[in-house]
Every structure is written in structure tokens, then in C-alpha cells.
Amino acid sequence: NAGVTQTPKFRILKIGQSMTLQCTQDMNHNYMYWYRQDPGMGLKLIYYSVGAGITDKGEVPNGYNVSRSTTEDFPLRLELAAPSQTSVYFCASSPNTRTSSGNTIYFGEGSWLTVV
Amino acid sequence: AQSVSQHNHHVILSEAASLELGCNYSYGGTVNLFWYVQYPGQHLQLLLKYFSGDPLVKGIKGFEAEFIKSKFSFNLRKPSVQWSDTAEYFCAVKSSGNNRLAFGKGNQVVVIP
């Protein structure tokens, strides 16, 4: 069982370039999330999705876009990369949160992005 | 919006010492509470969680946490740490009716052999 898979693991971008961080989960989870982690700042929610075709902004959505065309995939797009987007990005998923087990969020292994 | 406070961002301990990490949250209603651990270079893993029932929760690797509703707290404890407990620890809170987790800023714990 692969769980939550993110690619790429590491990427260096130049200012102004665009790229997509891929995320896929094989647990048939309804909910998916993108977080960024900066030193000493914890995790901040960028975007989340409660199901295919539905996305919503988190705390820090500016400079990012997402889509959710299938249950499995939740790509995160950076259109015009800026140095402030240098961070570690984590994709996560959880099942239906109405059940007690559904409240646990499972994380991918992270994508280290540097914008120079 | 829910906020989560973790104090003492950097903690340095010797092996066999006891560890306690504080976590306080702001929301006064029903909450689900979590502690996640991130070992160096790895992703976040769930240590333990509280949904309801016994406020003293046992997790993996000898960790436990106690939910004290009156203090809005969910402190993490381990009686005797090991070098392998060196990691960053995050408290997270989910309010009822909300699908999102709010994270604290984390505690960087270093255990010296």
C-alpha cells in the first residue's frame, strides 16, 4: 500500500518559472491537502479538497493553484515561482471525517523546493 | 480560526530524561487532538490522537498525552527518552465541523546519548 506519493522529492526553480508538484493517494480518501513547512513556523495549509471537483483555499493560497479531477490526484501548481516559495511541501489525505478513524491525516514524504 | 501554541521550540535532553511538551489551543468547542512526529529527513507520522473518552491517550514508542479540557491543553510526555526520539514534534487540532488541521510551530527535540 503506497499511501500518499509525492513527486518530485527535490527541485530547484528559477524565479518566474512554473512547475507542478504531483500528489496521488491510493487509499480512496475523500479529503486531500497541501501544506508548506518553513523552519520554526510549523505547517501552513495552502489548499485543500473535500472530493473530486471541489477545492478550497487554506491559510496561504497566494501564488498557488490546485485541481482535483479525480479522487486519487491533487496536483499543486506554482505559476510564477518566487523565492518566498522556497519551502518543503507536504501533500496529505484523510478519509471521510465523519467517522472517528477518518480524522487522521496521512502525509506524503515531502517535496523540497528551492527558488533561486 | 483555531490557533495552536507550542512553547520551548528547542529542547535538548540527555537519554533517560523525561520529556514533556506543552500544547495549548484556542477553540472552546469539540476538538480532535493529535501529536505528529517528524524524524530528520522524513515525513510526518502520527504519534497519538484524542477523539473522545479517556483523556489520557497512549501512543507509539512510549509516548502519552493528556487532554485537559479546562486548560485547553494536550501535553505530550515520555518518561524516559532515547537518542532515537530526536525529532520535531507537532501538535495539531481539528475543530468539529471543520476538515482542516491547525498545527503548532513544532518542538525541535534533541536527545544527547
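These protein sequence lines are chains A and B, in that order. Heads up: the first sequence is residues 30 to 145, going by the working numbering. Heads up: the second sequence is residues 769 to 881, going by the working numbering. Glycine residues also receive a C-beta, built at the ideal position from the N, C-alpha and C atoms.
Across the region 855 to 878 of chain B, CB contacts with chain A closer than 7 Å involve Phe858, Lys862, Asn867, Arg868, Leu869, Phe871, Gly872, Lys873 and Gly874, in sequence order along the chain. The C-beta distance from Trp803(B) to Gly827(B) rounds to 7 Å, short enough to fall under 8 Å. Taking 9 Å as the CB threshold, Val772(B) lines the interface with chain A. Here Gly139(A) is buried, its C-beta having at least 16 other C-beta atoms within 10 Å. Counting along the chain, Thr115(A) sits inside no beta strand (DSSP E), nor does DSSP assign it H or E at all. Taking C-alpha positions only, Leu824(B) is separated from Glu832(B) by approximately 7 Å. Annotation: Cβ neighbours of Glu138(A) in chain B (cutoff 9 Å, chain order): Gln810 and His811. At least one CB atom of chain B sits nearer than 9 Å to the CB of Phe119(A). Taking C-beta separations shorter than 7 Å and ignoring five residues to either side along the sequence, the partners of Tyr857(B) in its chain run Leu789, Trp803, Val805, Leu844, Gly874, Asn875 and Val877, following chain order. For Gly830(B), the three-state secondary structure derived from DSSP is helix. When the five nearest sequence neighbours on each side are left out, the beta carbons in the same chain lying within less than 6 Å of the beta carbon of Val95(A) are those of Tyr76, Thr84 and Leu105, in order along the chain. Out of Ser98(A), Gly71(A), Gln54(A) and Thr99(A), the CA that lies nearest to the CA of Val772(B) is found in Gly71(A). Beta-bridge partners of Gln813(B) (DSSP): Val805(B).
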